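To start, the structure under review is shown below, and the notes come after it.
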Amino acid sequence: MNKTLTTTKNAENQAEPVNLDSFLEFVNLEMALYSKRLATFEGVWAYDNDENAQCTSERMARAGFYCSEIKPNADCARCYVCQHELLWDAEDDPWEEHRNHRPDCDLVKIGKQDESEFTVDEQLQIMAYIYSCRQNIIVDDAIEDLRALMDKLLMDVNKVMRTNVDNGLIDSELVKECGQNSTVDVVLLLDGSGSVGDSTFRLQTQFARQLAQLLNISVSGSHLAIIQFSEQPQLEIALNQYTNLQQLEVALQKIKFIGGATNTGQALQFTLDTAFQGARGGSVPKVVIVLTDGQSQDEVAEAAQRLRDAHVLVYAIGVSNLVNVQQLHQMTGNVLRVFTVESFDQLDRALADALTWEMCRTDFRPGTPDIICASDKIGVRASTKKPFEGYVFVQNHFNQPECRAGPENFPDSRSIGITVPFTNCDVHRYRSLSPKGIFVEMTMVNIKCFYMEAEKSVTVPMEVSQITTQFRQNVFQMPRCEYTLRKDSAEGPIVQFAILGQPVYHRWECIEEGGQDTFGMLVHSCYVDNGFGDRVDILDENGCGLDAVLLRTPDYDTSLHLATKEYHYADKPVLQFQCQVTLCLKLDGGCAGISPPNCPETKPRHLNELQTISRRRSKSKVFTKKSRRSNPETMDVFTKPMMVKI
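The letter at position 577 of the sequence shown is residue 577 when you use UniProt numbering, and the numbering goes up by one with no holes.
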C-alpha cells in the first residue's frame with residue numbers, strides 16, 4: 001500500500017498527494033516510519049502474547065513508540081518525537097499514557113494514529129520538534145518550497161561547531177586512549193576528482209595520517225584502508241596491507257592524485273564489494289569515512305544503504321560551502337555522523353580528534369560513565385546515544401552555577417559530564433579504617449572516589465593543615481570485581497541460557513593488577529530479580545545463605561579473591577542477580593572476622609513464608625537503587641540477564 005502525505009495548495013485549492021516513503025527518505029527521520037518502530041518490538045515485547053494486553057506492539061508503534069530495550073520480555077519504550085521513555089504494564093493504553101506523561105508532545109497534539117494522514121505541515125512540525133528546538137515552521141506553499149526549507153534545515157543541523165577537544169571532560173589524552181584501546185577496520189575514501197587538485201589532495205592524505213596516528217594500527221589492533229575515488233574508484237591501500245604505522249605513513253605519501261569526475265555512489269559500492277574483503281568481522285566494527293568537496297554525479301543513497309545493511313558505520317566529511325549536504329545525509333543515514341568544514345585546510349588534528357571521539361563514544365566505548373578522581377576534584381563524564389538537552393548537577397545544589405553543567409558546557413550534545421573541586425558543592429570527605437584511606441563523594445548518580453592509604457614510616461616533613469591533607473602514603477590500585485554465572489562448574493563457560501532445574505555456579509572474583517595480594521572480599525546482600533520487579537533475597541548482609549534450597553553460603557578460596565557456589569532456580573523466565581562486595585585490606589589481619597563469613601548452617605525455608613518478595617512498579621525508568629549496605633568500601637556487582645527455558 002502506497003502511503004501519502006498531503007500538501008495544502010494547488011490551483012483548485014485541493015490537497016495534492018506526496019509519496020511518504022520518498023519524503024521520509026529525504027529527511028531520514030529515525031523511527032519516523034511505523035514499520036520501523038513496529039520491527040523493534042518483534043520477538044522481545046513482553047505483552048505480545050497477552051490477549052488482554054492494551055499495549056500491544058501494533059498499538060505502541062501507532063502511538064509513536066519504539067522498543068528501547070534489547071532483551072527478552074522488554075517492557076520499556078520511547079516516543080520517537082519527544083524521546084520520553086516509559087515502563088509499561090499490560091493494562092496501559094499507549095495513547096492515554098502518552099497524553100498523561102507528555103501532553104506537550106507534538107505527536108500527541110496532532111493525534112493521528114495513521115502517519116499516511118499527516119499533512120506536510122504536521123510532518124514538518126514533528127521534524128522541527130526533533131531537530132530544531134521546536135521551531136514552528138509552517139509551509140503554505142507548494143512542495144518545492146518545502147524542499148528548499150528542508151535544505152536549509154539540513155544545512156543548519158549538519159554544521160559542526162569545531163572546538164578544542166580539551167575542556168576537562170574530553171581532552172586529547174582521552175581521545176588518544178579511546179583510539180588506542182579500540183579495534184576497528186576503517187576504510188577512508190579520499191576525493192580525487194578534478195575540483196580538488198593535487199596540492200589540496202595532499203591535505204587529505206595528511207588528514208589520513210593524523211587519523212592513523214590516533215588508531216592502534218597493528219596486527220591485532222586497528223586496520224586502515226585507503227580508496228581514492230573520482231570517475232572510477234581505486235584501492236590505494238588494502239585493509240590488511242600495513243599493520244605498522246610507520247609503513248602506513250610512507251605508503252600514504254606515495255599516493256598520486258588521479259583527477260576526473262565525481263562518482264561517490266560507485267565508490268561506496270566498490271568499498272562494500274572490494275575494500276572489506278579483508279575485514280575481520282565478528283566483534284571488530286567496520287567503519288567508512290567519506291571525504292568530498294562537492295556533489296556526486298551518480299546516486300549515493302542505494303549504495304550507502306547497502307553498506308549500512310552490512311553493518312558498516314558510515315561517516316561523511318563535507319568540505320566547502322558547495323558540498324551537497326543532502327547527499328552527505330544519505331550516505332550516513334544519520335545527521336549526527338556528518339561533519340562539514342569550510343576548506344581542506346581545516347582537515348586537521350582537531351577534526352581527527354572529533355571524528356575519533358565520535359566513533360569511540362557511540363560504538364566502541366563502554367556505555368558506563370567514567371568517574372574522575374583527581375588530586376583536588378572529582379566528577380563524572382559519559383556518552384549518550386541520543387542528544388542530551390538537560391543538566392548534570394550535584395544533588396541539592398542546582399542553583400549554584402559551579403555545581404551544574406548544561407548544554408553550553410558540553411563539547412557536544414552527546415558527551416556530558418561535570419567536575420567539582422573538593423571545596424565546593426558540599427563534597428564530603430571522610431576517613432576509612434578498613435581499608436585505610438579517605439573517601440570523597442558527592443551525589444549525582446552517587447559518585448564516590450577512594451584514596452587508599454597504608455601505614456608507613458615517613459622520613460620527610462609532613463605538612464598538615466585544617467583545610468587540606470597532603471597524602472604521602474603508598475596508593476594501592478583497587479581490584480576489578482566481577483560476578484558471573486557458570487555452567488557445569490565454577491570454572492565452566494558463562495551461562496546466558498539455561499534449562500529449568502539446571503544447576504548454575506555463581507562465581508565472584510576480585511582481580512588485582514600485577515597479581516598483587518592486597519585485598520580480601522566478602523560477598524553479601526545478594527538477591528535475584530526476574531525483570532518484572534519480583535525479588536528474592538538469597539544472601540544476607542553478613543554474607544550468609546538464607547535458604548539451602550536456593551543458595552548456601554559461598555565457599556571462599558584461601559586468597560579470599562574468589563568465592564563460588566551452586567544455585568538451583570525456579571520457574572522464572574529471565575533472571576538477573578545482584579550482590580554487594582565489600583573489600584578488606586589483608587595487611588595486619590585486616591580481613592579477620594570479615595571474610596570468610598562465620599555463618600550457621602543454612603537450612604531450607606518455605607519460599608511463601610520467609611523469603612522477601614517485593615514488587616516495584618513505576619512509569620518512569622529508574623536507573624539507580626539505594627544500597628542496602630552503606631559501607632564506603634562496598635561496591636555493587638551484577639550478572640548479565642539469564643534466560644531460563646521452562
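For every residue, glycine included, the Cβ atom is placed at its ideal position computed from N, Cα and C.
Treat the numbers as computed from the prediction; the structure is a model and nothing was measured.
Pick from the options that is closest to residue i, judged by C-alpha positions
i           : options                        : result
Gln502      : Gln516, Arg486, Ile511         : Arg486
Met635      : Pro421, Val581, Ala261, Pro596 : Val581
Ile371      : Gln576, His561, Ile418         : Ile418
Val312      : Phe41, Asp555, Val288, Thr356  : Val288
His329      : Leu322, Ala563, Val338         : Val338
Met521      : Val184, Arg552, His561, Asn542 : His561
Gln346      : Leu291, Cys510, His101, Val284 : Leu291
Cys67       : Arg102, Val420, His84, Val549  : His84
Pro479      : Asp488, Ile494, Trp508         : Trp508
residue 656 : Val81, Arg59, Asn409, Gln400   : Since the first residue shown for the chain is 1 and the last is 646, residue 656 is missing from the structure and cannot be characterised.
Leu322      : Glu97, Tyr315, Ala304, Glu342  : Glu342
Val495      : Leu575, Gln477, Asp540         : Leu575
Glu512      : Lys109, Gly492, Glu402, Leu585 : Leu585
Asp588      : Pro600, Pro554, Ser199, Asp517 : Asp517
Leu245      : Ala261, Gly259, Ala212         : Ala212
Val108      : Asp89, Cys79, Trp88            : Cys79
Asn216      : Ser195, Leu248, Asp488, Glu302 : Leu248
Asp348      : Ile226, Asp298, Arg202         : Arg202
Glu541      : Asn598, Val427, Ile110, Ala301 : Asn598
Gln477      : Trp95, Cys373, Val81, Glu96    : Cys373
Asp353      : Asp529, Ala46, Leu214          : Leu214
Glu236      : Leu189, Gly294, Gly593         : Leu189
Asn396      : Gly390, Val196, Val427         : Val427
Ala225      : Val196, Val187, Ala261         : Val187
Euclidean distance between Cα positions of residue i and residue j
i           : j      : result
residue 726 : Ala238 : This structure does not reach residue 726, given that the chain is present from 1 up to 646, and the question cannot be answered.
Val325      : Asn73  : 40 Å
Thr639      : Phe270 : 43 Å
Asp558      : Cys544 : Before going on, a small fix: residue 558 reads as Thr here, not Asp. The alpha-carbon atoms of Thr558 and Cys544 are separated by roughly 18 Å.
Gly379      : Cys481 : 22 Å
Leu336      : Ser218 : 29 Å
Leu86       : Val394 : 25 Å
Val250      : Val184 : 21 Å
Thr274      : Gly514 : 43 Å
Val523      : Lys71  : 27 Å
Ala548      : His506 : 14 Å
Met331      : His223 : 22 Å
Ser320      : Glu408 : 27 Å
Asn240      : His101 : 52 Å
Ala304      : Thr340 : 18 Å
Ala310      : Leu38  : 21 Å
Lys64       : Asn49  : One point to set straight first is that residue 64 is Gly, not Lys, in the sequence displayed. Distance between the alpha carbons of Gly64 and Asn49: 21 Å.
Thr243      : Gln277 : 16 Å
Ser182      : Gln206 : 22 Å
Leu272      : Leu307 : 6 Å
Val392      : Thr56  : 35 Å
Asp106      : Gln578 : 40 Å
Asp156      : Ala316 : At Asp156 the pLDDT is 47, less than 50, meaning the model places this residue with poor confidence and gives no usable figure here.
Thr163      : Leu355 : For Thr163, the predicted structure reports a pLDDT of 31, less than 50, and the residue's modelled location is therefore unreliable. The matter cannot be settled from this model.
residue 719 : Asp104 : Summary: the structure shown does not reach residue 719, with the chain confined to residues 1 through 646, and so no result is reported for it.
Ile613      : Asp537 : Its pLDDT being 29, under 50, Ile613 is placed unreliably in this model, and the value from its coordinates should be taken loosely. Cα-Cα distance, rounded: 8 Å.
Asp198      : Pro285 : 32 Å
Cys425      : Arg381 : 17 Å
Phe623      : Val44  : Low confidence applies to Phe623: its pLDDT is 30, below 50, so where it sits in the model is not reliable, and the reading given next is rough at best. Roughly 21 Å between the two C-alpha positions.
Pro554      : Asp75  : 33 Å
Ala32       : Ile110 : 14 Å
residue 648 : Cys526 : In the structure as shown, the chain starts at 1 and stops at 646, and residue 648 therefore has no counterpart that could be examined.
Asn52       : Pro493 : 40 Å
Tyr556      : Leu583 : 14 Å
Integer Cβ distance of residue i from residue j, believed to fall under 8 Å
i      : j      : result
Ile416 : Phe388 : 5 Å
Glu602 : Arg552 : Looking at the sequence provided, one finds Thr at residue 602 rather than Glu. 5 Å between Cβ atoms; contact.
Val196 : Asp293 : 6 Å
Cβ of residue i within 7 Å of any chain C Cβ
i      : result
Val581 : In the structure shown, chain C does not exist; there is a single protein chain.
Item to complete: Answer yes if the region 231 to 247 comes into contact with the region 255 to 273, meaning at least three C-beta pairs across the two stretches below 8 Å, and no otherwise.
Response: When C-beta atoms of the region 255 to 273 are compared with those of the region 231 to 247, three or more pairs fall below 8 Å, so the two segments count as touching.
Practice prompt. Go through the region 486 to 555 residue by residue and report every complete run of the beta strand (DSSP E) that reaches 3 residues or more, in order.
Written response: 497 to 499, 504 to 511, 519 to 529, 535 to 539
Fill in: Complete alpha helix (DSSP H) runs within the region 46 to 124 (minimum length 4 residues, chain order)
57 to 62, 94 to 101, 106 to 110
Item to complete: Output the residue ranges of the beta strand (DSSP E) runs that lie fully inside the region 198 to 273 and measure 3 residues or longer, sorted by chain position.
Response: DSSP runs (the beta strand (DSSP E)) wholly in the region 198 to 273: 223 to 229, 233 to 237.
Item to complete: Kindly provide the ranges of any beta strand (DSSP E) runs that are 3 or more residues long and lie completely inside the region 271 to 313, ordered along the chain.
Response: 286 to 292
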